[in-house]
Amino acid sequence: MSDEDQFDVFLCHNSKDKPEVEEIAHELIRQRIKPWLDKWELRPGLVWQSLLEEQI
752 MSDEDQFDVF
762 LCHNSKDKPE
772 VEEIAHELIR
782 QRIKPWLDKW
792 ELRPGLVWQS
802 LLEEQI
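And the structure:
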């Protein structure tokens with residue numbers, strides 16, 4: 752895994768909280784903290800279970 756693929760924080764949340772969590776993610780980026788957010792990192796058609804396991 753390259754440095755580009757590494758994250759500082761994993762954002763785990765309930766789907767109903769997604770708008771607020773996305774705001775938090777943007778604030779983290781402004782503070783130079785790289786968040787992992789499913790909406791941004793999981794692409795349609797990919798096997799998401801293994802990608803999620805890698806990040807956790």
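If you're matching positions, the sequence shown starts at 752 in my numbering and goes up one per residue.
All residues carry an ideal CB built from backbone N, CA and C; glycine is no exception.
In summary, W799 is exposed, with fewer than 16 beta-carbon neighbours lying within 10 Å of its beta-carbon over all protein chains present.
The alpha-carbon separation between D768 and Q782 amounts to approximately 21 Å. Considering only L779, L788, P795, Q757, the residue with the shortest C-alpha distance to N765 is L788. For the pair E773 and K790, the CB atoms are nearer than the 8 Å cut-off.
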